[in-house]
Amino acid sequence: MFEWPEPFVVRALLAGLGLAIVAAPLGCIVVWRRMAYVGETLAQSSLLGVALGLALNIDLTLAVIFAAVAAACVLIAFGQQKLLALDSVLGLMHHAALALGIVAIAVLKGPSIDLMGYLFGDVFAVTSGDLIWIYCGGALVLGATIMLWRPLLRLSLHEDLATAEGINPRLSRAAFDILLAVTIAVAMKIVGILLVMAFLIVPAVAARPVASTPERMAVIAAGVASVGVIGGLLLSLHTDSPGGPSIVLAMCLIAIISLLATGRRSG
Amino acid sequence: MPEGLETSLSKSAGHNHHHHGDDCGCGHTHALPLDRSALVSARSLWLTRSGRDVIAGVDLDVRPGEIVTLIGPNGAGKTTLVKLMLGIEWPDRGQLWRPDTTRIGYVPQRFDVDRAIPMTVARFLSLGHDATSSEIAATLAEVGAERTIHQQLSQLSGGETQRVLIARALLRKPNLLVLDEPARGVDYVGEADLYDLIGRLRDSRRLGVLLISHDLHVVMAKSDRVICINGHVCCSGKPETVAQHAEYARLFGPHAAQALGVYLHHHDHSHDITGVPHPVNAAAPDQRSP
Chain A
26 MFEWPEPFVV
36 RALLAGLGLA
46 IVAAPLGCIV
56 VWRRMAYVGE
66 TLAQSSLLGV
76 ALGLALNIDL
86 TLAVIFAAVA
96 AACVLIAFGQ
106 QKLLALDSVL
116 GLMHHAALAL
126 GIVAIAVLKG
136 PSIDLMGYLF
146 GDVFAVTSGD
156 LIWIYCGGAL
166 VLGATIMLWR
176 PLLRLSLHED
186 LATAEGINPR
196 LSRAAFDILL
206 AVTIAVAMKI
216 VGILLVMAFL
226 IVPAVAARPV
236 ASTPERMAVI
246 AAGVASVGVI
256 GGLLLSLHTD
266 SPGGPSIVLA
276 MCLIAIISLL
286 ATGRRSG
Chain B
34 MPEGLETSLS
44 KSAGHNHHHH
54 GDDCGCGHTH
64 ALPLDRSALV
74 SARSLWLTRS
84 GRDVIAGVDL
94 DVRPGEIVTL
104 IGPNGAGKTT
114 LVKLMLGIEW
124 PDRGQLWRPD
134 TTRIGYVPQR
144 FDVDRAIPMT
154 VARFLSLGHD
164 ATSSEIAATL
174 AEVGAERTIH
184 QQLSQLSGGE
194 TQRVLIARAL
204 LRKPNLLVLD
214 EPARGVDYVG
224 EADLYDLIGR
234 LRDSRRLGVL
244 LISHDLHVVM
254 AKSDRVICIN
264 GHVCCSGKPE
274 TVAQHAEYAR
284 LFGPHAAQAL
294 GVYLHHHDHS
304 HDITGVPHPV
314 NAAAPDQRSP
């Protein structure tokens, strides 16, 4: 007999599927442009947003988006200089943001606050308000991604060629960094700051061996992410494991199967 | 006056009459105005990076239908000069003229497609302009790469990649084709074929061509002018005469003059060309780096 799942399960599923679709094309671009570390840094900076939200007593989602976008702006500014390698800047920011975030939250709320919820997310705690954020924000991000898709794809292929053909590389890169920051800030609720980049990167990695064009890779990645969300939630409900890590685990399993299967075929 | 981009930058006008002790008798006459009949024209371009003059007072014109070849040692600023001409980078000083009627097809130096990006040749050629699939097929046939159409970019050989890049440049319907070391990573026969193709495209499509040669010792015989660059313009001339310049010998060493080979066009049997195609001379000072 089919039983309607509990409302919190339905909300978790809707949140996961919405983010899966929005994050997939962005994740492909992150993989192509080798920006995984940039994403990790933006994610860790989101923790500062939590501290900011607690300190000022404002909406946490808004505060987290603000912090991630501010971190993206700092990265964009650092991208214009040649004194420090981007990798060094990221290595500094990434750890500074995490350490400062944890210290600030502890000072503001005492050591009793549950950091685990921020570090690994709590998909079953998603509220209707969160769903509105995910679907309205997600639609905006997806629309902007579609508009930026061709310039970003051409920049990923060859920056000088794209520039010679009339694309503004700085503008496109900055716009993408900000989209990435917003997506990470919203997705953090579900998978937490430590695993949020897996939500973007792992489906793209799984899709690569079976895709022949960039657009197919994005669509397949969205499919992989959706299957991962459903599989992860089922695993979590049956074994009482935490939701976010279960979803990421399911995605990683699909990616490993995809890589092994295609590796055997071509090797 | 035709419409177009004209950049005129002058942080310090005093440098405009800079000379470089060139003893080849082709000194710079910076009083020359921009050539407004050219596809692209530059006067007294200067670019300084980390205190070094990468480009020092270069004048360069490419006129319709002419092939201009840039040669020079590694680090001479050839690629940087081309990027300035294309507007990818900006000079610190100098004048640049690129009329709106100039449509550029650019073939960059390295095109190592990341294996993380799935991309067929057909999709690559349709990306960013409205070419129909029949136009794409016809252009691939024109460059002799019709068999690659369904292949992945990351699986192409060096020569195939160059042909696909030339096809992409041609789909933009250019009147100026700019190629940065098109024969890099291509074997000796493939190199001759590529130069043959570029010569034919110039003739059939009446293109101006600006070409960086990857190899000091081999230049394309159909070049109308060979310009030897080392930050500044050392000397320039016909392919068969440029090696006779004293400045050329000073820059590339005494053996280089003997080592300069000139590719004969396959169907061109004119007898005024002194060089013949031959492999890089072992005594040459600037071997192709491995």
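One line per chain: the protein sequences are A and B, in this order.
Here this note's numbering is used: the first residue of the first sequence is 26, the next is one more, and so on.
Here this note's numbering is used: the first residue of the second sequence is 34, the next is one more, and so on.
Ideal Cβ positions, reconstructed from N, Cα and C, are used throughout, including at glycine.
Owing to the predicted nature of the structure, the values given are computational and were not obtained by experimental measurement.
Within chain B, the residues whose beta carbon sits less than 7 Å from that of Trp57(A) are Asp147, Ala149, Ile150, listed in sequence order.
Only those residues of the segment 185-202 of chain A whose C-beta falls short of 7 Å from the nearest C-beta of chain B are listed: Asp185, Leu186, Thr188, Ala189, Glu190.
The Cβ-Cβ distance between Val242(B) and Ile100(B) falls below 9 Å. Looking at the DSSP output, Ile215(A) sits in no beta bridge, so it has no partner there.
Neighbours of Ser283(A) in chain B, taken as residues at a C-beta separation under 8 Å, are lacking, since the least C-beta distance is about 13 Å.
Looking only at Val207(A), Thr238(A), Ala250(A), the smallest Cα-Cα distance to Leu225(A) is reached by Ala250(A).
Arg36(A) and Thr264(A) have their alpha carbons spaced roughly 19 Å apart. Secondary structure note for Pro176(A): its alpha helix (DSSP H) is the uninterrupted segment 163-182. Note that the C-beta distance between Leu129(B) and Leu78(B) is below 9 Å. The beta-carbon of Ala231(A) is placed no less than 9 Å from the nearest beta-carbon of chain B.
Ser77(B): member of the beta strand (DSSP E) spanning 73-82, first to last residue.
Proximity of chain A to Thr153(B) at the Cβ level (cut-off 8 Å) is accounted for by Ser237, Thr238, in chain order. For Val47(A), the enclosing alpha helix (DSSP H) begins and ends at 32-57.
Membership of Gln128(B) in any alpha helix (DSSP H) is not indicated; the residue belongs instead to the beta strand (DSSP E) covering 126-132. By the C-beta density criterion, Lys255(B) is buried, having at least 16 other C-beta atoms within 10 angstroms.
Looking from the CA of Ala76(A), the closest CA among Tyr143(A), Thr66(A), Ala206(A) belongs to Tyr143(A). Within the same chain, His119, Met222 come within 7 Å of Glu65(A) by CB-CB distance, once the 5 residues on both sides are set aside. By the CB criterion at 9 Å, Leu210(B) and Val140(B) fall inside the cutoff.
By a beta-carbon distance limit of 8 Å, Ala286(A) does not contact Ala231(A). Their separation comes to about 11 Å. Shown here, Thr194(B) sits in a helix according to DSSP, grouped into three states.
DSSP lists Trp130(B) as the beta-bridge partner residues of Glu39(B). According to DSSP, residue pairing for Val95(B) in a beta bridge involves Val73(B).
Along the segment 101-119 of chain B, going in chain order, the ones with a CB nearer than 8 Å to a CB of chain A are Lys116, Leu119.
Against chain A, the CB of Gln188(B) has no partner CB under 9 Å away; the residue lies outside that interface. Contact between Ala92(A) and Met213(A) does not hold, since the beta-carbon distance rounds to 10 Å and is not under 8 Å.
Listed in chain order, the beta strand (DSSP E) runs fully inside the segment 223-252 of chain B are 241-245, counting runs of at least 3 residues.
The beta carbons of Gly253(A) and Ile272(A) sit about 6 Å from each other, so the pair counts as a contact at 8 Å.
With respect to the 9 Å criterion, Thr181(B) and Arg205(B) are not classified as neighbours on the basis of their beta carbons.
In this structure, Gly269(A) sits near Val216(A), with a CB-CB distance shorter than 9 Å. Secondary structure of Ala89(B) (DSSP, three-state): strand.
Using a CB distance below 8 Å, no part of the segment 155-172 of chain A faces chain B. Within chain B, the residues placing a beta-carbon under 7 Å from that of Arg179(A) are Leu160, Gly161, ordered along the chain. Shown here, Leu209(B) sits in a strand according to DSSP, grouped into three states. Listed along chain B, the residues sitting closer than 9 Å to Leu182(A) by beta-carbon distance are Phe144, Val146, Asp147, Ile150, Met152, Phe157, Leu160, Leu186.
For Met172(A), the closest of Val55(A), Phe201(A), Ala48(A) by C-alpha to C-alpha distance is Phe201(A). Residues of the same chain with a CB within less than 7 Å of the CB of Lys116(B), apart from the 5 flanking positions on each side, are Glu122 in chain order.
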